[in-house]
Every structure is written in structure tokens, then in C-alpha cells.
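Working notes, beginning with the structure itself.
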Amino acid sequence: MDRKKDAILKATAALTENYKNEELFMPKNGRSLPSRAVIIDVVKELRAVIFPGYFWSDSAAGMFPEYYTGYRLNDLYDRLKEQIEIALLYANQEMEQQEASEQADRICGGFFEKLPEVQERLLKDVQAGFDGDPAAKSKEEIISSYPGVFAIYVYRLAHILYVENVPHIPRIMTEYAHGKTGIDINPGAVIGDYFFIDHGTGVVIGETTEIGRNVKLYQGVTLGALSTRQGQQLANVKRHPTIHDNVTIYSNSSVLGGETVIGENTIIGGNTFITESIPANTKVSAKSPELVIKKPRNAVSKADVWDWQD
Amino acid sequence: MDRKKDAILKATAALTENYKNEELFMPKNGRSLPSRAVIIDVVKELRAVIFPGYFWSDSAAGMFPEYYTGYRLNDLYDRLKEQIEIALLYANQEMEQQEASEQADRICGGFFEKLPEVQERLLKDVQAGFDGDPAAKSKEEIISSYPGVFAIYVYRLAHILYVENVPHIPRIMTEYAHGKTGIDINPGAVIGDYFFIDHGTGVVIGETTEIGRNVKLYQGVTLGALSTRQGQQLANVKRHPTIHDNVTIYSNSSVLGGETVIGENTIIGGNTFITESIPANTKVSAKSPELVIKKPRNAVSKADVWDWQD
Amino acid sequence: MDRKKDAILKATAALTENYKNEELFMPKNGRSLPSRAVIIDVVKELRAVIFPGYFWSDSAAGMFPEYYTGYRLNDLYDRLKEQIEIALLYANQEMEQQEASEQADRICGGFFEKLPEVQERLLKDVQAGFDGDPAAKSKEEIISSYPGVFAIYVYRLAHILYVENVPHIPRIMTEYAHGKTGIDINPGAVIGDYFFIDHGTGVVIGETTEIGRNVKLYQGVTLGALSTRQGQQLANVKRHPTIHDNVTIYSNSSVLGGETVIGENTIIGGNTFITESIPANTKVSAKSPELVIKKPRNAVSKADVWDWQD
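If you read the protein sequences in the order shown, they are chains R, X and C. Add 99 to the 1-based position in the first sequence for this note's numbering, that's all there is to it. Add 99 to the 1-based position in the second sequence for this note's numbering, that's all there is to it. Add 99 to the 1-based position in the third sequence for this note's numbering, that's all there is to it.
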């Protein structure tokens with residue numbers, strides 16, 4: 100038998116055998132998972148409704164926003180509602196279609212009514228970004244380019260659904276933003292107004308984090324848990340820190356633990372590792388490890404080998 | 100002459116002159132490089148074959164998986180085989196078409212026969228993720244959303260081709276995942292079962308790294324080399340660490356060097372910088388640098404300047 | 100009223116009210132912002148002109164590069180020029196269409212004439228990557244796969260427009276690369292030849308950074324500011340470091356401050372935090388914090404809880 104035919108027959112037989120032996124691979128009882136592609140589309144198109152000057156391609160949008168917005172929301176409502184229904188049915192295999200549909204309608208209605216508030220809060224986040232970043236040329240630049248604003252936008256949408264216990268969808272949303280920006284905000288976090296993340300790559304904000312107003316984070320900041328060795332036993336336990344108002348945390352610092360509180364107006368320097376509470380109105384930095392500066396006998400050349408032992 | 104015409108004529112002349120002077124810009128002797136777009140498509144579509152409940156859009160997939168899987172694999176085989184052939188011909192400019200085709204068929208056949216094993220191992224990786232992450236709501240969420248699982252999936256495919264010395268394609272695959280997830284796993288690394296990466300942004304796993312079973316890594320972990328100043332002279336030398344079974348390495352830690360071994364059951368705390376071996380069954384943390392906490396005379400105000408010297 | 104209708108009417112009314120109350124949401128005086136989608140397309144297609152062997156899908160490209168290049172540049176010129184014009188008109192609401200068009204033509208002409216130089220410099224960046232990375236199998240692999248080369252390519256384009264004070268577009272370009280690679284190079288930075296970034300996720304290079312020739316950076320390196328608490332008052336102040344020729348900065352190190360200078364031939368070890376100048380020809384490392392290694396009475400088990408306090 101030729102190589103290709105042989106390989107495909109073998110692979111198909113074994114893959115389909117695996118489908119049968121493990122229910123995780125296939126739709127369960129004819130019930131599917133929500134569609135990542137549809138959810139991402141909804142997130143993208145809602146952005147065009149919230150910031151019509153930026154992401155709309157239709158020229159009617161600028162001309163008659165009230166018609167356009169209503170028209171777009173109508174379609175987006177149906178698509179999101181269907182996904183919520185699918186997610187509810189999948190997670191609750193006993194639930195009737197009718198009940199799922201009603202629940203999805205209620206949740207989706209609440210979600211859409213909160214969109215204007217999301218819009219207003221994003222404006223505050225953009226303001227915080229402009230005030231806080233000397234490299235920002237304009238607020239428009241922040242809206243159209245800054246990854247932090249995009250990640251916060253997606254988080255603010257996802258959080259509404261997280262609070263309603265919608266399965267799957269909130270995390271699909273925030274992981275989409277994570278992939279685009281390197282900023283990983285768990286939809287369960289609670290985050291106040293005027294929030295700004297600059298640069299952002301590597302930021303992690305854990306599920307039970309609480310953040311006040313006017314907080315600024317830089318790239319590589321982790322607001323995380325002290326330990327996860329207990330795994331699922333820690334589900335629903337407060338394991339991430341609380342950050343009060345007007346705190347700045349500079350790049351690559353970690354603040355860990357569910358009982359760790361950073362008091363208001365406090366500034367955390369870069370590269371610090373904090374596992375205990377810090378009082379309000381303070382400036383914290385790590386005593387930088389002493390630098391070891393060596394002057395080699397000969398100038399370092401391009402071909403030099405240098406490693407940490409010498 | 101108008102500005103546009105002038106600029107384009109000049110640019111075209113100089114660009115095409117550059118093409119002639121440097122063979123790197125153009126196909127060599129009529130032989131092309133493999134297509135990044137086709138390789139990425141193959142990676143995406145194989146994911147739908149491995150997890151049919153998640154990424155398939157065709158409803159037949161759920162109904163008759165054996166037909167669908169075989170049908171899809173047939174097409175994917177041809178596309179991957181063609182790319183392997185192209186890659187072999189480009190890298191070995193003396194090789195005959197016939198030889199490249201046979202070698203590509205052999206490699207591609209082996210690759211497809213390993214797919215069921217990849218599927219089974221991914222299930223173990225998902226299990227490790229669920230057991231290890233208190234924020235995970237379900238295994239389905241991990242499969243559909245977690246960047247770590249995606250990066251591991253792509254690495255497991257790429258590694259099969261790396262072992263067969265296929266040029267270009269393994270790295271195109273893992274750099275695609277790197278772009279999507281911020282997780283950079285070199286296809287040469289050797290990684291055991293039940294591997295989990297949480298959050299993941301900034302993780303780097305070097306080419307000669309060896310990782311045992313049941314290992315968990317967090318965001319920002321580097322498993323890297325001590326020095327690269329020798330550049331290509333270090334090619335094929337073991338320069339990245341060995342991590343034994345049941346090790347956890349917390350966020351933003353670096354473990355460096357080809358002779359560095361982390362013994363089994365050991366836990367490496369966050370923000371550590373390790374260049375020597377660590378015995379089994381231990382808990383390692385960096386003695387945190389002393390925190391310097393200053394209470395300014397007046398409360399910190401929003402407009403305050405604060406820098407590291409004061 | 101049914102849930103959906105009610106929610107959409109309310110949301111539309113409030114969203115459109117917000118559009119009216121805040122000019123930031125909508126086009127201003129009929130003047131739009133540049134299109135992120137078009138700008139990204141131009142960046143992608145210019146890459147195919149610069150590296151025809153890699154990203155061109157048209158087989159004519161390899162056959163008759165001089166025709167193809169000229170043909171492609173003609174179209175790209177018009178598209179980029181239109182975006183520059185849009186950006187100028189939006190940022191200068193008093194500017195006449197005619198003036199914007201002439202200025203855009205001048206800037207676009209200069210941009211296209213610099214493309215061959217960009218091409219030549221990229222070749223040097225690729226050379227530096229190949230010489231510096233023992234995991235690189237070929238220069239072709241670096242061009243087709245390495246995120247560092249992509250980020251540098253986009254930065255080199257964006258910097259030309261930044262120098263001409265084009266609004267919005269330079270940052271849209273570099274943030275596109277940031278999203279794809281995790282490497283955030285501000286278009287204002289000045290970067291010499293033979294520049295290489297390995298792995299790259301988490302790298303941040305601030306707006307007023309100056310980098311010499313033959314410099315190599317690793318993942319997680321920040322070339323940043325000491326403090327940003329003054330926000331916009333710091334605009335146009337030199338606040339990021341200067342890195343001289345032939346410097347290597349290993350992973351996750353930060354070099355901060357506008358007066359901080361790293362002298363030539365110097366090597367900065369991983370995980371260092373530098374806020375003062377370092378002389379030439381030296382090797383710098385942080386005195387690693389002492390490791391605390393604990394041997395628990397019983398072997399660590401999978402279910403063990405371990406946190407930073409114990």
C-alpha cells in the first residue's frame with residue numbers, strides 16, 4: 100500500500116477511536132460549544148459601535164449614527180444571544196432549550212443596556228492613558244493604537260458576562276485580547292475607573308484581583324496568587340491582591356496573594372516582588388541587588404564567550 | 100518629473116539592483132521557500148481534526164467523524180507534503196525532485212501516523228492544566244481558550260518534523276504559536292506528558308531544553324542559555340537546562356545553562372535566577388531584596404515626580 | 100416590550116447621546132482618522148517588495164522583479180499617500196486639502212526613496228541575528244520566522260514617518276508589530292545597524308532611546324523611563340537611555356533613565372536593573388539574591404500547598 104494511503108487510514112482509525120473513548124473531543128449529546136469565531140466577531144463589531152470614528156468602514160456610520168448603531172446592535176444582539184444560549188445548554192446538560200433561551204435573553208438584554216456605561220468608562224480609561232503617558236501624542240492615538248485600551252475594553256465586556264455566570268464566553272473574550280496584546284486580564288477581576296496599562300506585554304491580572312480608581316500598571320506586572328499547588332481546591336478563594344486608588348506599579352513587578360493590599364496613593368517601583376501589604380501614601384522599591392562590574396583585561400570582543408560563572 | 104514618478108523609479112531601480120547583489124532576497128535557482136501561509140493553515144486545520152468538538156465549522160464533523168477526518172487528512176497530507184518537499188529542495192540545492200518527493204512522503208507519512216499520539220498527549224496536557232489552575236472552570240474552557248495548550252499543541256507537531264531534520268517548517272510553526280500566545284517553544288526541545296503553561300506570555304524554552312513529566316511553568320519563565328556570545332559556534336551544543344518530573348516554576352524565573360538540572364518534585368519560586376543545579380524534593384526561592392519603603396512628608400499627589408534616585 | 104427591543108432602544112439612545120457629548124467618538128468636522136486596516140496592508144505588502152523570495156504569492160515576482168516591484172510600489176504609494184493626507188488633515192483641522200495633499204506627496208516620496216536603504220539595513224539586521232543565535236539554522240529562517248526581524252522592519256518604516264512628524268500612522272504601524280511579536284519599539288527611537296532582538300516577547304524600547312551599531316537584546320528587556328508621574332509635562336524630554344555600539348543586554352533586564360548611558364562593548368547580564376551609566380568594555384551582572392533552598396521533612400507531593408511565607 101502506498102505511504103500516504105497507509106498513513107491516513109491508520110491515523111483516521113486511531114483518531115476516531117480516540118473520539119469514542121474520550122467525550123472531551125466531541126460535542127456532548129448533540130450540544131455544541133460556543134463558537135470562538137462568532138464571539139470574536141461580536142467583540143470586534145461592538146468596538147465599532149462604541150468608537151464609531153475609528154473602526155467603522157461604512158460611511159453612513161459617521162452621518163447617521165443613531166440609525167447605524169441601532170441597526171448594528173440588532174444583529175449583534177441575536178448573535179451574542181445565540182452563543183450565550185449554546186454556552187448555557189452545554190454547561191447544563193439538563194437544561195431545556197426554552198429555559199436557556201429565556202436566560203440568554205435576560206443576560207443579553209442586561210449586557211446591551213450596559214454598553215453606554217462601558218463606553219463612558221472607556222473614555223475615562225483613555226483620559227488616564229493620555230494624562231499618564233508622555234509618549235502619547237493624542238487621545239485618538241490611544242484609542243486607535245494602544246493595546247492597553249483594547250485589553251481593558253474586552254475585559255469590561257467580558258466582566259459583565261462573568262458576573263452573570265455565563266460559561267466559556269468571558270474567557271474566550273479575554274484570551275482573544277490576551278493573544279492580541281500580551282495582556283491577560285481574567286474576566287473575574289474587579290477594576291475601577293481611569294485604569295491604564297502602558298506597553299502591557301506580560302501583564303497578568305488574576306481572577307480575584309480588586310483594583311480601585313486611577314491605577315496605572317506597566318508591562319510585565321503580575322497581580323497573582325502565592326501558590327496554586329492546591330489547584331481546583333482553591334477555586335473561588337480570594338487568592339489575588341487588592342490595589343487601592345491612585346496606585347502606580349512600574350514594570351515587571353509582582354504583587355502576590357489574596358491578603359496583600361496596596362494602600363492608596365502608593366507607588367511600587369520596577370522589578371519588586373511583593374507578598375505583604377503595603378501602607379497608603381508610600382513609595383516602595385526593592386533595594387537593588389549590588390551590581391558586579393568587571394573590567395576584563397582585554398576589551399570584550401565580538402567573539403568573546405562570557406557566562407555567569409566567570 | 101512629478102514626486103511620485105520620480106520616487107518610484109528610483110526606488111524600483113535600487114531595490115532590483117539589491118535583489119541582484121544579494122541572493123538572499125530572491126528564490127534560489129528557481130527554488131522557492133516553503134509558504135508560511137500554507138503551513139499555518141495546516142496547523143489550524145489539524146487542530147480541528149484533533150478537537151472536532153471545538154474548531155470544526157462543518158456540522159457533518161460531529162455526525163460522521165470517521166468520514167470527515169479521513170477526508171480532511173487526505174487534503175492536509177498533500178499540502179504538508181508539498182511544503183516539506185519545497186523545504187528539502189531549497190535547503191539541498193543538489194537534491195533531485197524525485198528524491199525530495201520520496202523523502203517528503205516518508206516524513207509526511209510518519210507525521211500523520213503520530214497524530215493520534217499527539218491527540219492523546221494533548222488530553223494529558225489539558226488534564227494537567229485543569230488540575231493545576233484554580234481559575235479553570237472546565238477542561239473545555241482550557242481547550243478552547245488557553246494559550247498554553249495551543250502553544251504546546253503546535254510545539255508537539257513541530258517537534259515531529261524537527262526530529263526528521265525538516266528545514267524551515269518547524270520554526271515557522273512554533274513562531275506562529277509564539278506570535279499568537281507570547282510563548283516561544285523551540286521545536287527542538289524535548290517535553291514530557293502532563294505539561295502545563297499558565298498565562299504564558301514571555302515564556303522561552305530553548306532548543307536543547309529537556310523537560311520531564313508533570314511540569315508546570317508560569318508566565319515569563321525562561322529556560323535559556325548562559326551565554327550566546329559564541330553564536331554559531333554553539334550550534335548543536337547542549338546549552339539549555341534539564342527539568343525533571345513534577346517540577347513547578349513560578350512566574351518570571353530564569354533557569355539557565357546546559358549543565359543546570361532541576362531535580363524532581365522541586366518547586367522554584369517566582370522571580371528567581373538560577374544558573375546552577377538544584378537537588379530533588381526542594382523548595383527554592385530568592386531571598387527577596389529588602390524593600391525600601393518611604394513615607395514622603397506630604398501625601399503622594401497625582402502630579403508627583405518620583406524617580407529611582409531619591 | 101420584549102427584552103431585546105427594550106435593550107436595543109435604550110442602548111442606542113444612550114450611545115448616540117454619548118457620541119454627541121464627546122467629540123472623541125466621532126469624525127471631527129467631517130475629517131476622519133487614518134485607516135488602521137489600510138496601514139497594516141501597506142506594511143505587509145511592502146515586506147513582499149523588500150523580500151520577494153518570501154512573502155510574494157505571485158510567481159511573476161520571481162521572474163520579472165523589476166516590473167513587479169514598480170507595479171506594486173505604484174499602488175502602495177497611492178494608498179500610503181492617502182492615509183498620510185488623512186492623518187495631516189485630522190491633526191491640523193485648519194489645514195487646506197491642497198496643502199495636505201502636497202505635504203503628503205513630499206513625505207511619501209521621501210519614504211519610498213528610502214526603501215532600498217531600509218532593505219539594505221534589514222539585511223544587516225538578519226546577518227547580526229544569524230551570527231548571534233546558535234539556534235538559527237539559516238538566514239532564510241530568520242527572515243521568514245523571527246519576530247525580532249519583523250518588529251525591526253516595521254520600526255524602520257515607521258521611524259521615517261515619525262521623523263516627518265506624520266501623526267498617528269507611525270504608532271499604528273509599530274503597535275501592529277507589537278501585537279504580532281510582543282516587541283514594542285516606539286517609532287521615535289533611533290537604532291543603528293546590525294540590530295538583533297532574540298525571542299523578543301516583552302521588549303520595550305522607549306521613544307527617546309538611542310541605540311548604536313551591533314546591539315543585541317533578549318526577551319523582556321526594557322529600555323525605559325525612570326518615572327512617568329509627570330505625564331504630558333515630560334513630552335519631548337529625553338527620558339530613555341543611550342546604548343553604545345556592540346552592547347548585549349540579556350533577558351529581563353531594565354535600563355532606565357534619559358541620562359543613563361551604556362558604554363560600548365559592554366555586556367549586561369540577565370535580570371539586572373540599571374538606573375546609572377555603565378562604562379565601556381565591562382561586564383555587569385546583578386549580585387544574585389541568595390537562594391533559599393528548603394528540604395521539607397517529607398517529599399513535596401503534588402497536592403502540597405506551598406507559599407512564599409513558609
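C-beta atoms are modelled at their ideal positions from N, C-alpha and C, and glycine is treated no differently.
Pull up the distance between the alpha-carbon of R/I282 and that of X/V346, whole angstroms please. 26 Å
Taking DSSP as the reference, what is the three-state secondary structure of C/S384? strand
Are there three or more Cβ pairs, one per stretch, closer than 8 Å when the region 236-246 of chain X is compared with the region 121-141 of chain R? Here the region 236-246 of chain X lies against the region 121-141 of chain R, with 3 or more beta-carbon pairs under 8 Å apart.
Compare the beta carbon distance of C/Y301 and C/Q318 with 8 Å and say whether it is the shorter of the two. Per the sequence shown, residue 301 of chain C should be read as Gly rather than Tyr. Inclusion of C/G301 and C/Q318 in the CB contact set at 8 Å is warranted, their separation being smaller than that value.
Give the straight-line distance between the Cα atoms of C/F249 and R/D105, rounded to the nearest whole angstrom. 40 Å
Quick one: which chain R residues come within Cβ less than 8 Å of X/G208? Those within 8 Å of X/G208 in chain R are R102, K103, D105 and A106.
Helix, strand or coil at R/K337 [DSSP, three-state]: coil
Can a CB atom of chain X be found closer than 8 Å to the CB of R/K382? yes
Distance check for C/A385 and C/G369, CA to CA, integer angstroms please. 8 Å
Compare the C-beta of C/F211 with all C-beta atoms of chain X and state if any pair is closer than 8 Å. yes
Reference X/A334; option with closest CA among X/C207, X/G357 and X/V320: X/G357
Counting Cβ pairs closer than 8 Å, one from the region 370-380 of chain C and one from the region 379-394 of chain R, do we hit at least three? yes
Beta-carbon proximity check, X/M272 vs X/V303, cutoff 8 Å: no
Show which residues of chain X have a CB atom less than 7 Å away from the CB atom of R/Y118. Chain order gives the chain X residues near R/Y118 as P151 and P164, where near means a beta carbon separation below 7 Å.
Could you list which residues in chain R have their beta carbon closer than 8 Å to that of C/E274, in chain order? Going along chain R in sequence order, the residues near C/E274 (Cβ under 8 Å) are S244, Y245 and P246.
Using a Cβ-Cβ cut-off of less than 8 Å, list which residues of the region 220-242 of chain C approach chain X; keep chain order. L222, V225, F229, D230, G231, D232, P233, A234, A235, K236, S237, K238, E239, E240 and I242
Along the chain, which unbroken stretches of the alpha helix (DSSP H) at least 4 residues long are found entirely within the region 256-301 of chain X? 268-280
Out of curiosity, what's the CA-to-CA distance linking R/A235 and R/G228? 8 Å
Measuring only the C-alpha atoms, how far is R/D406 from C/G311? Annotation note: pLDDT 35 at R/D406 (below 50); position unreliable, coordinate value reported separately. Taking the straight line from one Cα to the other gives about 23 Å.
Just the chain X side, please: which residues come within less than 7 Å of R/D283 by C-beta, in chain order? H298 and T300
Report all residues from its chain with a CB closer than 6 Å to the CB of R/D232; omit the five preceding and five following residues, and keep chain order. Counting only Cβ-Cβ distances below 6 Å, and skipping sequence neighbours, we find D297.
Excluding five sequence neighbours on each side, which residues of the same chain lie with their C-beta closer than 6 Å to the C-beta of X/E306? N285 and G287
Use the C-beta contact count for C/G129: other C-beta atoms within 10 angstroms, 16 or more gives buried, fewer gives exposed. With fewer than 16 other Cβ atoms from the protein chains shown falling within 10 Å of its own Cβ, C/G129 counts as exposed.
Rounded to whole angstroms, what is the Cα-Cα separation between X/E239 and C/T280? 27 Å
Residues of chain C with a CB under 9 Å from the CB of X/I342: which are they? What X/I342 touches in chain C: nothing, since even the nearest Cβ is about 15 Å away.
Minimum C-alpha distance to C/Q182 - residue among C/C207, C/P126 and C/E122: C/C207
Under 8 Å between C-beta atoms, does X/T168 make it to chain R? yes
Determine the DSSP secondary structure at R/E201, reduced to helix, strand or coil. Three-state DSSP puts R/E201 in a helix.
Can you tell which of R/L123, R/R146, R/A324 and R/V148 has its C-alpha closest to the C-alpha of X/E219? R/L123
Chain R residues whose Cβ lies nearer than 7 Å to that of C/E306: A234
Is the separation between the beta-carbon of R/S353 and that of X/S131 shorter than 8 Å? no
Supposed contact pair X/I367 and X/H343 - C-beta distance, whole angstroms, cut 8 Å: That belief does not hold up - the Cβ atoms of X/H343 and X/I367 are roughly 12 Å apart, past 8 Å.
Can you tell me whether R/D101 is buried or exposed, with buried defined as 16 or more other CB within 10 angstroms of its CB? exposed
Assuming X/E309 and X/V289 make a contact with CB atoms under 8 Å, what is their CB distance in whole Å? 5 Å
Residues of its chain near C/I373, where Cβ-Cβ distance is below 6 Å and the 5 sequence neighbours each way are ignored: Taking C/I373 as the centre and dropping the five residues before and after it, the same chain places the C-beta of V354 closer than 6 Å to its C-beta, in chain order.
Assuming X/T111 contacts C/E165 (C-beta within less than 8 Å), just tell me the rounded distance between them. The Cβ separation is near 6 Å, so the contact holds.
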